[in-house]
Each structure stands twice: as structure tokens, then as C-alpha cells.
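Numbering (our numbering), first residue to last: 263 to 449.
Below is one structure; the comments refer to it alone.
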């Protein structure tokens, strides 16, 4: 944890940062491989796009809960699963029928990602921090963990940002069927 938060400080206290980061990547790769091995029989074998849909769901859960909060990412994954199981399944069966179920599930995941990134980029439990650096340091003026735009409510800039967000949302809703066409399952 210390190496991921501040590599220079960890190196100064004697931690072998390269070895530690490499070990972290090895553990992540092992768990990813284990997940792929467990999921492959259910998806009909191994192919290059095998984990694409699962990756989209995982990204939606992590973005909803917060990318820097492990508990938030777990809760976000549970919420994405509940949204898909309850709302999409019910809405898909009642309104559209079984034919469009896989497209609706992916569309719900993409819509969750879009809404979270537009309205709360740090997620539900993520931390939004702004670190100010002295003006003598010419490398950067500040560091943010999430995009931060500060405008006064009711100003022209605020209305412009709102219009941009609504345009993105409308474009997403119009283009989703075209983007999700290659991911249809069962064709």
C-alpha cells in the first residue's frame, strides 16, 4: 500500500519498490487468470473477447463505488448486479421481451458508467482530493484524483456545462444500440 501511494517515500525507507510493484502485478494477473478459467466454461470456451462483457460490468461497479475505495467498488458491483437483475430483467421481459436482454444489460452498465462520470466522477465512496503545490514548483500547479470544475451555479458557464452533459447523455442513448451490436450473445 505504501509503494502505491508514494513510491519515493517507500524507496527512502528501504522498500524495494520494483520488486513490490512486480509482486502486486503478479498477484493481479494470477487472480485475473483464475477468474478467466472459472468463467470460460460458462461462456463456451476461450476466445479473445471472452471477458469483454465482464470487464464492462466490473468497470461499472468500480466507477459507481469509487476507484480508490475497495469497499465502495464491492458495493458498486453489488449495486450494478442488482440493477441488472431487477430493473433490466424485469423491464426487458415486460417491455422488450427476451430478444434484447443482453443488449439491455450492457446498455445499463454503460449508462451507469456515463452517469457516474458525468455527475460524480469520484464515485459514491471515492475521495475527491485536491493537492496544492507551491508556486515555485514548475512541474504542475495542482493534482486531482477526479476531474474538478468549479463554476458558480446559475452562471453562463454552469449552464454551458449542463448542456454539454445533456448532449453527452443524449448521444450515448442514441448510439448505444449501434455500439452494443457486436456484443449480442446468442446470435
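Beta carbons are placed, not taken as given, at the ideal position from N, Cα and C, and that holds for glycine.
Taken in chain order, the unbroken stretches of alpha helix (DSSP H) that lie wholly in the region 284-327 and span 4 residues or more are 314-327. The beta carbon of residue 283 is closer than 7 Å to those of 265 in its chain, skipping five residues each way along the sequence. Using a Cβ distance threshold of 7 Å, residue 386 and residue 334 count as a contacting pair. Contact annotation: residue 346 and residue 370 have beta-carbon atoms nearer than 7 Å. Ranking 269, 327, 351 by CA distance to the CA of residue 374 puts 327 first.
Per DSSP, the continuous alpha helix (DSSP H) segment holding residue 273 begins and ends at 269-274.
For residue 370, the enclosing alpha helix (DSSP H) stretches over residues 363-381. Beyond the five residues adjoining it in sequence on each side, residue 322 comes within less than 7 Å, by CB distance, of 342, 371, 374, 375 in the same chain, given in chain order.
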